[in-house]
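Mapped onto my numbering, the consecutive letters of the sequence shown carry residue numbers 1 to 319.
In what follows, a structure is listed as structure tokens, so that the remarks can point back to it.
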Amino acid sequence: MAGGWMALILAFAGVWITGPLVIPLLHKLKFGQQVRDDGPQNHLKKMGTPTMGGILIIGAVVLASLLTGSRTLFLTVALMAVVGFSSIGFADDYLKVVLKRPLGLKARAKLAAQIAGGFLLVYATSFLLQLGTDVQIPFAEISMDLGWLYVPFGLVLVLGAVNGVNLSDGLDGLAAGTMIFPLALLGWIGMVQSQPDVVVLALSGVGACVGFLVYNIHPARIFMGDTGSFALGALLAALVLMTKTELLLPILGGVYVIESISVILQVVYLRLTGRRVFKMAPLHHHYELSGWSEQKVVQLFWSLSALCSILAYLVYRFM
Numbered sequence: 001m002a003g004g005w006m007a008l009i010l011a012f013a014g015v016w017i018t019g020p021l022v023i024p025l026l027h028k029l030k031f032g033q034q035v036r037d038d039g040p041q042n043h044l045k046k047m048g049t050p051t052m053g054g055i056l057i058i059g060a061v062v063l064a065s066l067l068t069g070s071r072t073l074f075l076t077v078a079l080m081a082v083v084g085f086s087s088i089g090f091a092d093d094y095l096k097v098v099l100k101r102p103l104g105l106k107a108r109a110k111l112a113a114q115i116a117g118g119f120l121l122v123y124a125t126s127f128l129l130q131l132g133t134d135v136q137i138p139f140a141e142i143s144m145d146l147g148w149l150y151v152p153f154g155l156v157l158v159l160g161a162v163n164g165v166n167l168s169d170g171l172d173g174l175a176a177g178t179m180i181f182p183l184a185l186l187g188w189i190g191m192v193q194s195q196p197d198v199v200v201l202a203l204s205g206v207g208a209c210v211g212f213l214v215y216n217i218h219p220a221r222i223f224m225g226d227t228g229s230f231a232l233g234a235l236l237a238a239l240v241l242m243t244k245t246e247l248l249l250p251i252l253g254g255v256y257v258i259e260s261i262s263v264i265l266q267v268v269y270l271r272l273t274g275r276r277v278f279k280m281a282p283l284h285h286h287y288e289l290s291g292w293s294e295q296k297v298v299q300l301f302w303s304l305s306a307l308c309s310i311l312a313y314l315v316y317r318f319m
């Protein structure tokens, strides 16, 4: 566990120390946030705030994990997933911010890249790491072997985590803050399961997110962009697969499930009826347009993430 705490400290220090160096550099390179005209009007003042700050998080997680972890195949697989998905996000950010293509990567290209990355992660954890294709059923004290069906099942989990975290990255401090609690719990689960690499990975993620919040809390001086949100989603998914807590993910990532459902409901209902369920989706924007301050919305979602993690802890105790 000592390695985990050291990873947390190193990751926090890495982001905290390099932040004042990277933020001006991103300003100089004109890697500024683009704000949609149809979004909340109070977000227009964020135009030009440096984005792609996820490089701070990724760099800290990778460095802290390599310095404190045992450099096993487990660690390698997880870090490759984090870097791989971060690369997809970086490409998307680069096209939007630098090349001024508002939609970034084409939807099909982005989905294809995510599917490829997700397939490799699921295959690596279940077969290369020999964790198997069984899924533990909460409360039933039994497991179900899905066989080849585990691959599409795991793929859904990976894509859900990556895109769910991405959808939550819409307010200052929202994505980084809500990620702290599930990563902390997964770190504890890793300790219970005697998986030191899981502990190191999870707590390095916690440290990096806390360090990022120093510069990302309202009013944000930097945004993580898809570079960071894709990577954090991949880290969350990798840790769930490595701890064989697949069915815990919808509870652990309850905030991301709610955000995703709000978007799905909005799109489906709008196409069927021409009307909206929410003033704007994802859900955090609905509360903003209802008159809530950005800080109040973020605090609500942080609290919800903490409650979901507590519930996930209670469920895990009976798995």
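We put the beta carbon where it would ideally sit given N, CA and C, even for glycine.
Tell me which residue opens and which closes the beta strand (DSSP E) that residue i is part of.
i, result
"I320", "Any property of residue 320 remains undetermined from this structure, which presents the chain solely from 1 to 319."
"D134", "D134 to I137"
Using 7 Å as the threshold, is the C-beta distance between residue i and residue j below it?
i, j, result
"A11", "S168", "no"
"V198", "T125", "no"
"L179", "L111", "Rather than Leu, the amino acid found at residue 179 in this sequence is Met. Not in contact: M179 and L111 (Cβ atoms no closer than 7 Å)."
"S86", "G164", "no"
"L105", "D93", "no"
"F139", "L146", "no"
"F230", "G89", "yes"
"A60", "A184", "no"
"F74", "M52", "no"
"V62", "G211", "no"
"L149", "G118", "no"
Restricting to Cα atoms, I'd like to know which of the options is closest to residue i.
i, options, result
"G228", "I17, M242, L213 and H285", "L213"
"M224", "V22, Q295, A13 and V199", "V22"
"S262", "F278, A220 and D134", "F278"
"I251", "F181, V82, Y269 and S290", "F181"
"E288", "G211, S194, L314 and L171", "L171"
"D134", "V151, G118 and F119", "V151"
"A161", "V268, F90 and L235", "L235"
"L241", "V77, V298, V315 and L103", "V77"
"I394", "M47, A202, T68 and V82", "Residue 394 falls outside the range modelled here, since the chain spans only 1 to 319, and no answer is possible."
"L314", "L159, L128 and I189", "I189"
"L159", "Q130, W292 and V122", "V122"
Taking the alpha-carbon positions, what's the residue i to residue j distance?
i, j, result
"L344", "L248", "There is no way to answer for residue 344, as the model of the chain reaches only from 1 to 319."
"A109", "A116", "11 Å"
"E294", "G132", "43 Å"
"R71", "A237", "19 Å"
"H320", "H218", "Residue 320 is absent from the model: the chain starts at 1 and stops at 319."
"T49", "A281", "22 Å"
"G3", "L270", "50 Å"
"M80", "G187", "19 Å"
"V255", "S290", "19 Å"
"V200", "S194", "12 Å"
"I9", "G274", "50 Å"
"Q299", "N216", "14 Å"
"Y316", "P24", "44 Å"
"G84", "A113", "9 Å"
"L66", "A7", "9 Å"
"L311", "T18", "35 Å"
"G173", "V97", "20 Å"
"R221", "L157", "32 Å"
"S305", "G253", "7 Å"
"A175", "D226", "11 Å"
"E141", "I58", "36 Å"
"V267", "R276", "8 Å"
"W5", "A202", "10 Å"
"K100", "G177", "29 Å"
"M144", "I137", "7 Å"
"G69", "L129", "17 Å"
Within the continuous alpha helix (DSSP H) that includes residue i, where are the two ends?
i, result
"V192", "L174 to V192"
"S293", "From DSSP, S293 is part of no alpha helix (DSSP H); its letter is neither H nor E."
"S65", "G54 to T68"
"D92", "L73 to V97"
"F241", "In the sequence on display, residue 241 carries Leu and not Phe. Run containing L241: G225 to M242, per the alpha helix (DSSP H) assignment."
"F212", "P196 to N216"
"L110", "The amino acid at residue 110 is misidentified as Leu; the sequence shows Lys. Where K110 is concerned, the enclosing alpha helix (DSSP H) stretches over A107 to Y123."
"A161", "Y150 to S168"
With respect to 6 Å, is the separation between the Cβ of residue i and the closest non-hydrogen atom of the ligand FMN below this value?
i, result
"L241", "As far as ligands go, the structure on display features none, and thus does not contain the ligand FMN."
Does chain B have any CB closer than 7 Å to the CB of residue i?
i, result
"K100", "Protein chain content of the structure displayed is limited to a single chain, and chain B is not contained in it."
Suppose only complete runs of 4+ residues qualify. What are the alpha helix (DSSP H) ranges in the stretch 248–280, listed by chain order?
With a minimum length of 4 residues, the unbroken runs of alpha helix (DSSP H) contained wholly in the stretch 248–280 fall at 249–252 and 254–273.
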